[in-house]
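Letter 24 of the sequence shown, counting from 1, is numbered 6 in the numbering used here, and no numbers are missing. The C-beta atom is built at its ideal place from N, Cα and C for all residues, glycine as well.
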Amino acid sequence: MAKKRVKKTMPQLMKSDNAIIKDLRDQQWLYNPRVFAQVSGDFSTMHQRVLLGVLDHLQDRIIKSADAHKPGEQLWLPLFAEEEMNTNLEFEIDAKDLGVTPGHYPELVDALKDLLTLRMGYLRKIETKSGTKTEYTFANLFSRITMVTNESTGLRTGKIRIKMDKENVNDFLSMDKGYTDHVAKIGQMAKKQRTPRIYIYLSTFRESGRKEVDYPQFCEFLGIDDQSYLLTHDGAKPQDNPFHKYSKVKSLILEPSRLEMDQLSKDSKIDFSFTYEPLRKDGRLKGNPSHIEFTLVPGPLGIERAWRKQRHNQEQSLITSLTTKYTDLKPYEMVELLKEVQDEWFEDFKDYAYDGVERAVEKKQPDHVAEYIVTLLSTWIKDKQLEDERKRIEQEKQYNLFTEQELQPEPEPLEPGVKAELWQQLVNEHQGAIKPVLERTEYLGLYNGAFYIFPTADDLKTLDTSPDYEVFSEKCRVALGLSKIRPAIIRKLK
């Protein structure tokens, strides 16, 4: 077998020109240019944490580009304008924000060395005298990376100082292919090396929920294809690649990542998981597939987020509709009102805002229409809030009543003779004037902590008027009943 040597650097190219690339704040979410989301390479979890940290630092500029873009336009604002290109981009990120503790600093330093030497390749459009020309450009993403140390102790502080060329940033984080968004901490939550990359890639077709991916290009995207393996292992053959066969890709990458994403999705840490199916379009039943079909499975967080997005879109439509029809009505007034509208009565609010308001305005014909509409909607919201508060108070009363009933101890069942020995002991120990009466009085049993006895009418008078009975009652609770109603009391207590 050929001798293999694993290189210590990361010379493989980060490419953004294959079909996958072309297809393409709590919970905090990151906006991620699709080119960046689908760059190929076999990145470790530490590499991915650093790259996501850089992405996090540039969120304001990415969001600004997204906000400025109008549907249908091909051009997107670059992250850095032409007048900013005379200086480099320099900033710091903190290792603790990447989820890296001091015990893992050596691993972080190795990852930073790898990223510093990493070259990327991307298609770039340039303007020439003869027109627009597309060329393939190679560049280093990072100009300098420094792990800051304390001057007096020489120990690492956890601060990472980064320097990048703005022109390279503009190209590498180009918004021209659009963007996706995903959970920011996926690089820290995931334990499996490829889970973050698969999750971020699949998020780029979250809206469709399904994607058929070219299998060789998917392997290239993960950096596990045969060519990438040969570039990093001198003298190796394609068959030496541990991911040469689909069965290994399934057992070592797809299944572990799917199971991990299943759990993260179930715990509402990410918004979806996935299922997958290998496709062999050439009629073969075995061997490496030609494609893999991924299906996204939304979790609780994904379902909630989809509803939030739907509500946002419906709010925008409502605001546009009303402010267009009633030009004096300001969008910000509607925004403030909508903040008070609870999810459970949002649909009713929309119906009233679209139909009820129009009928009220036509009937009233107010001089100040916008002010009248705001008053109508505010009153509607306050009425709903009062109705909800009344329901809440009533539910609280019912709950308290139920709780009080639940907390009451269950009385002991009445059975003749229960605790008879204890009663006899109490009578024998008592030496007062009523002892003869107690000895001849019928004892029924113990119920709800009281001794039930049934004296005769004469004995009952004696007990009621005797100071000694009060003395005896201090020792134990006694319930007196007339013998003639004894059967009725027994039935009631049972």
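- For E194, the enclosing beta strand (DSSP E) stretches over residues R192 to D196.
- Note on the region 269 to 331: whole alpha helix (DSSP H) runs with a minimum of 4 residues are 282 to 307 and 313 to 320, in chain order.
- One alpha carbon belongs to E89, the other to H29, and they sit about 10 Å apart.
- Here S156 is buried: its Cβ has 16 or more other Cβ atoms, across all protein chains shown, within 10 Å.
- The beta carbon of F18 sits closer than 6 Å to those of L155, all from its chain and outside the five residues before and after it, given in chain order.
- By the neighbour-count criterion, in which 16 or more other beta carbons inside 10 Å mark a residue as buried, I108 falls on the exposed side.
- Within the region 433 to 464, the runs of alpha helix (DSSP H) that reach at least 4 residues and sit entirely inside it are, in chain order, 439 to 447 and 449 to 457.
- The DSSP-derived three-state label of W11 is strand.
- Secondary structure at G427: strand, using DSSP grouped into helix, strand and coil.
- Rounded to whole angstroms, the Cβ separation of V91 and M67 is 31 Å, and the two are not in contact under 8 Å.
- By the Cβ rule, the region 49 to 59 does not count as touching the region 183 to 200, because fewer than three pairs are nearer than 8 Å.
- Only residues of its own chain outside the window of five on either side were considered, and among them K193 have a CB closer than 7 Å to the CB of F187, listed in chain order.
- Looking at the backbone, the Cα of M146 and that of E322 are separated by about 44 Å.
- If you check the CB distance, Y434 and L426 come in under 7 Å.
- Less than 7 Å divides the Cβ of Y197 from the Cβ of S272.
- The beta carbon of I168 lies closer than 6 Å to those of P178 and Y181 in the same chain, with the five residues before and after it left out.
- Relative to the Cα of A402, the nearest Cα in the group V419, L428, L71 and Q413 belongs to L428.
- Excluding its 5 nearest sequence neighbours in each direction, K263 has C-beta neighbours in its own chain below 8 Å: S272 and H273, listed in chain order.
- Distances from the alpha-carbon of Y87 to those of R43, L40 and I142 put I142 closest.
- For secondary structure counted as the alpha helix (DSSP H) over 4 or more consecutive residues, the region 12 to 82 holds these complete runs in sequence order: 16 to 19, 27 to 39 and 41 to 50.
- Counting along the chain, S255 sits inside the beta strand (DSSP E) bounded by residues F254 to L261.
- Taking S185 as reference, the option from D163, P418 and M171 with the minimal CA-CA separation is D163.
- Around the beta carbon of N295, fewer than 16 other beta carbons sit within 10 angstroms, so the residue counts as exposed.
- The alpha-carbon of R422 is positioned some 19 Å away from that of A432.
- By the Cβ test, the region 241 to 250 is in contact with the region 274 to 283, since at least three Cβ pairs between them sit closer than 8 Å.
- Spanning the alpha carbons of T302 and E378 requires a straight line of approximately 40 Å.
- A straight line joining the alpha-carbon of L37 with that of V231 spans about 28 Å.
- CA-to-CA, the gap between D325 and Y336 works out to about 17 Å.
- A Cβ-Cβ separation of about 16 Å leaves L311 out of contact with I363 under the 8 Å criterion.
- Beta-bridge partners of N152 (DSSP): none assigned.
- In the three-state DSSP reduction, T135 falls in the coil class, being neither helix nor strand.
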